[in-house]
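I have placed the structure first, in the form of structure tokens, so that the comments after it can refer back to it.
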Amino acid sequence: MPKAYSDTSIALCPGDYCEIENTKLSEPGDYTLTMRAANGCDSTVSVHLAWKPDYRDTTFATIHYGDSILWENEYFSDSTEQIRGFVASNGCDSLRVLSLHVDYTLTVEQESWEGGCGDGDFFTLHLSLSRLVDSVRLTFSDEAKAAGLRDSIVYIHAKEADILIPHAGVHAGSYSCEVALVHGAETLHTMTFTFTLLYPSSVLEQAWNDVVAVLTHDYNGGYDFTAFQWYENGVALTGENHSYLYRPLVMGGEYSALLTEADGTQAMTCPLIATFQTDISLYPTIVNARQVIQCHLSEDAEMWVYDALGRLIMRCALTAGDTSVLAPSVTGVYIARVITKTNKKEHTYKLIVR
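Residue numbers (my numbering): 24 to 377.
Below is the structure:
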């Protein structure tokens, strides 16, 4: 009887083997085997043996120091190589690999120095970094220290932080600060901020619907101003360089002044928001002899002026709206009482005649 011939292909997982008629096959290749068929005749079998695909899933990742990565339900934050086994869809044992690198370099992604209005109590230093740092070291210029700012170290142990820097009681002016980012004993990065602290809006006073004035030394926190430039909604007003601004005010508008002190210090004020005034106002209250005092009233009133001994030296009628009176002719301190005729509201002012 003739020989029988057959061909077959076998795919195995790497490392496995098969046996055909007591012949163990464990390496890929083509094999020809002779075996006894059921009819008693020799049979030749051609076998093609191959490996199934080897699945190896590798994840390469880089994180910044202080970050972590979730892989195979675990968090990793240090440089490492992790290997996990799994059974692939073809039924073979396979590997998942994590190759993790930690980047220790520092990049300042965002920084800002906010605040600076004397009406507030703090500057805010906002930092957004590429990696974690332990602390931030603040070193102010000599001028800033003389004005009242103090060096400090702020511990954050974070990549992002808003650092509050107190400036209550600090003299207005322009200053600088060196900011150092520190981890352990190592200074990783330094940068310098220049900033301006504005005069508080409390150095200004709205006297009526058409007057904003800079208060004098005794009432503005101790500043001695020698030069003035007024601004309306951020725009300089040409020729308005007196200690007061006398013009119809835009209600809701922002009024500020660039002020210069005797020592040359110069800074803007925080803005004063003009509000509609419906009461009584006298301005100025520190005057020269026989100087005009502007009066603003919502209704008719009467004024009594007394000297330091309580003697009545002047009495006059005031009409609603804008009017004016002359200051006493003799230097000294006076008390002015203004009483409205209809509502009987009384306001008292101290007048200083120089």
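Glycine included, each C-beta is placed from N, C-alpha and C at the ideal position.
According to the DSSP assignment, Lys373 belongs to the beta strand (DSSP E) that extends over Glu369 to Val376. Judged by DSSP in its simplified three-state form, Val226 adopts helix.
Secondary-structure assignment with DSSP links Ile336 through no beta bridge to anything. With three or more CB-CB distances shorter than 8 Å, the stretch 219-235 counts as touching the stretch 132-142. Beta-carbon to beta-carbon, Leu129 and Val159 are separated by about 12 Å, too far to satisfy the 8 Å threshold. Straight-line measurement puts the Cα of Glu44 at about 7 Å from the Cα of Met58. Leu121 sits away from Phe146, with the two beta carbons spaced by 9 Å or more.
Looking at the backbone, the Cα of Trp94 and that of Gln105 are separated by about 9 Å. Of the other Cβ atoms in all chains shown, 16 or more fall within 10 Å of the Cβ of Ser279; this residue is therefore buried.
Your pair Val193 and Ile186 does not check out as a contact, with CB atoms roughly 16 Å apart and the cut at 8 Å.
Taking all protein chains shown into account, Cys293 has 16 or more neighbouring C-beta atoms within 10 Å of its C-beta and is therefore buried. Note that the C-beta distance between Glu277 and Glu263 is not below 9 Å.
Assignment of Ala285 by DSSP, reduced to helix, strand and coil, places it in the coil class. The DSSP-derived three-state label of Lys47 is strand. Here the stretch 149-164 makes no contact with the stretch 106-121; the two share fewer than three CB pairs at distances below 8 Å. Counting C-beta pairs closer than 8 Å gives fewer than three between the stretch 348-368 and the stretch 282-296, which falls short of the contact rule.
Distances from the alpha-carbon of Thr67 to those of Ser304, Lys367, Thr55 and Glu369 put Thr55 closest.
In this structure, DSSP gives Glu104 an extended state, which the three-state scheme calls strand.
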